[in-house]
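Undergrad: First to last, the sequence lines map onto chains A and B. Per numbering that gives the first Met the number 0, residue 0 is the first one in the first sequence, and the count goes up by one each step. Per numbering that gives the first Met the number 0, residue 0 is the first one in the second sequence, and the count goes up by one each step.
Protein chains: 2
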Amino acid sequence: MVSRRTMIGGAAGLAGVAAAGAARAETPTLPGRVFVHHVYFWLKAPEDPQAREALIGGLRKLAAAPDILWSHIGLPAESERGVVDDSYSVSWLVFLADKAAEERYQVDPIHLKFVEECSALWERVVVYDTQQVEG
Amino acid sequence: MVSRRTMIGGAAGLAGVAAAGAARAETPTLPGRVFVHHVYFWLKAPEDPQAREALIGGLRKLAAAPDILWSHIGLPAESERGVVDDSYSVSWLVFLADKAAEERYQVDPIHLKFVEECSALWERVVVYDTQQVEG
Numbered sequence: 000m001v002s003r004r005t006m007i008g009g010a011a012g013l014a015g016v017a018a019a020g021a022a023r024a025e026t027p028t029l030p031g032r033v034f035v036h037h038v039y040f041w042l043k044a045p046e047d048p049q050a051r052e053a054l055i056g057g058l059r060k061l062a063a064a065p066d067i068l069w070s071h072i073g074l075p076a077e078s079e080r081g082v083v084d085d086s087y088s089v090s091w092l093v094f095l096a097d098k099a100a101e102e103r104y105q106v107d108p109i110h111l112k113f114v115e116e117c118s119a120l121w122e123r124v125v126v127y128d129t130q131q132v133e134g
Numbered sequence: 000m001v002s003r004r005t006m007i008g009g010a011a012g013l014a015g016v017a018a019a020g021a022a023r024a025e026t027p028t029l030p031g032r033v034f035v036h037h038v039y040f041w042l043k044a045p046e047d048p049q050a051r052e053a054l055i056g057g058l059r060k061l062a063a064a065p066d067i068l069w070s071h072i073g074l075p076a077e078s079e080r081g082v083v084d085d086s087y088s089v090s091w092l093v094f095l096a097d098k099a100a101e102e103r104y105q106v107d108p109i110h111l112k113f114v115e116e117c118s119a120l121w122e123r124v125v126v127y128d129t130q131q132v133e134g
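(1) Would P75(B) count as contacting chain A if we go by Cβ distances under 8 Å?
(2) Which residues in the same chain have their Cβ closer than 8 Å to the Cβ of R103(B), if we skip the five residues on either side of it in sequence?
(3) Beta carbon of S88(A), beta carbon of R59(A): below 8 Å?
(4) Would you verify that the beta carbon of Q130(B) is, or is not, closer than 8 Å to some beta carbon of chain A?
(5) Taking Cβ positions, are S86(A) and W41(A) nearer each other than 8 Å?
(6) Using a Cβ-Cβ cutoff of 8 Å, what residues of the segment 80-101 of chain A are near chain B? List them in chain order.
(7) Sort D128(B), L120(B) and I72(B) by Cα distance to A96(B) and report the nearest one.
(8) Mind checking whether H71(B) and Q131(A) have CB atoms under 8 Å apart?
(9) Can you tell me which of the three DSSP states R109(B) falls into?
(10) If you reduce the DSSP assignment to three classes, tell me which class P45(B) lands in.
(11) Taking 8 Å as the threshold (C-beta atoms), are V126(B) and D84(A) in contact?
(12) Have a look at E133(B), E116(B), Q105(B) and E115(B) and flag the residue whose alpha-carbon is nearest the alpha-carbon of V38(B).
(13) Using a beta-carbon distance cut-off of less than 7 Å, what residues from the segment 47-73 of chain B approach chain D?
(14) Whose Cβ in chain A lies nearer than 7 Å to the Cβ of S78(B)?
(15) Taking the straight line between their C-alpha atoms, what separation do you get for P45(B) and A44(A)?
(16) Quick check on the DSSP output: the beta strand (DSSP E) that includes S90(B) runs from which residue to which?
(17) Helix, strand or coil for L68(B) per DSSP?
(18) Relative to the C-alpha of V33(A), which candidate in S118(B), A76(B) and I109(B) has its C-alpha closest?
(19) When the cut-off is 8 Å and only beta carbons count, does Y39(A) lie next to chain B?
(20) So V114(B) contacts chain A; which residues on that side make the cut at Cβ distance below 9 Å?
(21) In the DSSP assignment, find the unbroken beta strand (DSSP E) run with D85(B) in it and report its ends.
(22) Compare the C-beta of V106(A) with all C-beta atoms of chain B and state if any pair is closer than 8 Å.
(23) Nearest-angstrom Cα distance between E101(B) and E101(A)?
(24) Quick check: F113(B) and L61(B), are their CB atoms within less than 8 Å of each other?
(25) Once DSSP output is grouped into helix, strand and coil, what is the label at R123(B)?
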């Protein structure tokens with residue numbers, strides 16, 4: 000089970016992570032704090048469903064990178080609110096143990112292959128790496 | 000337990016969420032797909048630890064908003080990589096059930112009170128709302 004340090008104020012904390020990939024341990028649990036790696040992609044052809052599906056397909060393969068604790072592939076929810084940026088094409092949210100894991104992930108062969116296969120699809124990418132504060 | 004639909008390709012999926020807040024059910028589980036609401040704040044006084052702590056304190060109270068399934072408060076991990084934006088001050092990552100839950104959260108009294116108490120602290124805020132794709 001996760002330690003109390005995962006809990007943020009009165010918020011719910013992640014109890015654990017179920018493994019689905021063959022390369023994973025059966026029931027890993029998240030560390031006390033998770034490192035959040037969130038990438039937003041803007042496609043060269045944002046209106047082309049094939050380009051979007053190609054990127055999503057690449058991300059599904061990338062999800063097998065061994066340092067990834069949990070991943071989430073998403074599409075923008077449209078909004079009228081000015082503070083909401085819904086101009087990106089695809090979101091890629093990853094939980095990792097810590098910054099060292101993120102650095103390993105960057106040079107993981109699965110990640111390098113993803114970049115090689117998919118980078119021609121996007122014209123812009125923005126990454127936010129975030130370290131969880133102490134609860 | 001979470002359904003298979005939470006699983007993304009070969010990636011690990013969230014097994015469940017443990018409740019910590021008094022206002023929460025004891026062991027909520029995440030829906031098949033989660034709605035990700037990720038907010039990045041740029042403080043007016045980014046070098047002022049008191050301003051940062053005030054915002055983090057406000058977010059800890061905001062975490063009690065009833066529609067929040069899970070939340071994560073973070074600080075930027077510095078990076079030399081050009082695609083990484085580490086210029087923000089504080090990250091606020093929230094999981095909600097769906098877009099309707101996000102819309103309720105926006106007008107929740109706890110959220111409105113957070114904005115009232117903390118909005119003077121930031122000069123810029125960017126929000127990315129993301130709907131999970133079908134696994």
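Even for Gly, the Cβ is constructed at its ideal location relative to N, Cα and C.
TA: Working from what's here:
(1) Within the second sequence, the letter at position 76 stands for residue 75(B). Yes, its Cβ sits closer than 8 Å to a Cβ of chain A.
(2) Locating residue 103(B) in the second sequence gives position 104, counting from the first residue. Excluding sequence positions up to five before and after R103(B), its CB lies within less than 8 Å of the CB of D66, all in the same chain and listed in chain order.
(3) In the first sequence, counting from the first residue as 1, residue 88(A) sits at position 89. In the first sequence, counting from the first residue as 1, residue 59(A) sits at position 60. No, these two residues do not count as a Cβ contact at 8 Å.
(4) Taking the second sequence and counting its residues from 1, the one referred to as residue 130(B) is at position 131. With 8 Å as the cut-off, Q130(B) counts as an interface residue toward chain A.
(5) Position 87 of the first sequence, counted from the first residue, corresponds to residue 86(A). Position 42 of the first sequence, counted from the first residue, corresponds to residue 41(A). Yes, Cβ-Cβ distance for S86(A) and W41(A) is below 8 Å.
(6) Those residues of the segment 80-101 of chain A placed with their C-beta closer than 8 Å to a C-beta in chain B are R80, V82, V83, D84, D85, Y87, S90, L92, K98 and E101, ordered along the chain.
(7) In the second sequence, residue 96(B) corresponds to position 97, counting from 1. Measuring from the Cα of A96(B), the nearest candidate turns out to be D128(B).
(8) The count along the second sequence starts at 1 and reaches residue 71(B) at position 72. The count along the first sequence starts at 1 and reaches residue 131(A) at position 132. Cβ atoms of H71(B) and Q131(A): closer than 8 Å.
(9) Residue mapping note: residue 109(B) aligns to position 110 of the second sequence, counting from 1. According to the sequence shown, residue 109(B) is Ile rather than Arg. For I109(B), the secondary structure class from DSSP, reduced to helix, strand or coil, is helix.
(10) Taking the first residue of the second sequence as position 1, residue 45(B) is located at position 46. DSSP places P45(B) in the coil class of the three-state scheme, outside both helix and strand.
(11) For the purposes of this step, residue 84(A) is taken as residue 85 along the first sequence, with counting starting at 1. For the purposes of this step, residue 126(B) is taken as residue 127 along the second sequence, with counting starting at 1. Yes, Cβ-Cβ distance for D84(A) and V126(B) is below 8 Å.
(12) Counting from one through the second sequence, the residue named residue 38(B) turns up at place 39. Minimum Cα distance to V38(B) is reached at Q105(B).
(13) The chain labelled as chain D is not found among the protein chains of the depicted structure, namely A and B.
(14) In the second sequence, counting from the first residue as 1, residue 78(B) sits at position 79. D128, listed in chain order.
(15) Counted from its first residue, the second sequence places residue 45(B) at position 46. Counted from its first residue, the first sequence places residue 44(A) at position 45. C-alpha separation (whole angstroms): 36 Å.
(16) Along the second sequence, read from residue 1 onward, the residue named residue 90(B) stands at position 91. Here the beta strand (DSSP E) through S90(B) covers V89 to L95.
(17) In the second sequence, counting from the first residue as 1, residue 68(B) sits at position 69. In the three-state DSSP reduction, L68(B) falls in the coil class, being neither helix nor strand.
(18) Translated into the one-based positions of the first sequence, residue 33(A) becomes position 34. Selected option, being the one with the closest Cα: A76(B).
(19) As a first step, residue 39(A) is located in the first sequence; it is residue number 40 there, counting from the start. At least one chain B Cβ lies under 8 Å of Y39(A).
(20) Reading the second sequence from its first residue, position 115 is the one you call residue 114(B). In chain order: nothing, as chain A lies at least about 11 Å away.
(21) By 1-based counting over the second sequence, the position of residue 85(B) is 86. For D85(B), there is no enclosing beta strand (DSSP E), since its DSSP letter is neither H nor E.
(22) Here residue 106(A) refers to the residue found at position 107 of the first sequence. Using beta-carbon distances, V106(A) does not count as an interface residue toward chain B, since no partner is under 8 Å.
(23) Numbered from 1 along the second sequence, position 102 holds the residue referred to as residue 101(B). Numbered from 1 along the first sequence, position 102 holds the residue referred to as residue 101(A). One C-alpha to the other measures close to 29 Å.
(24) The sequence position of residue 113(B) within the second sequence is 114, counting from 1. The sequence position of residue 61(B) within the second sequence is 62, counting from 1. Going by C-beta atoms, F113(B) is nearer than 8 Å to L61(B).
(25) Translated into positions along the second sequence, residue 123(B) becomes position 124. It is a strand residue.
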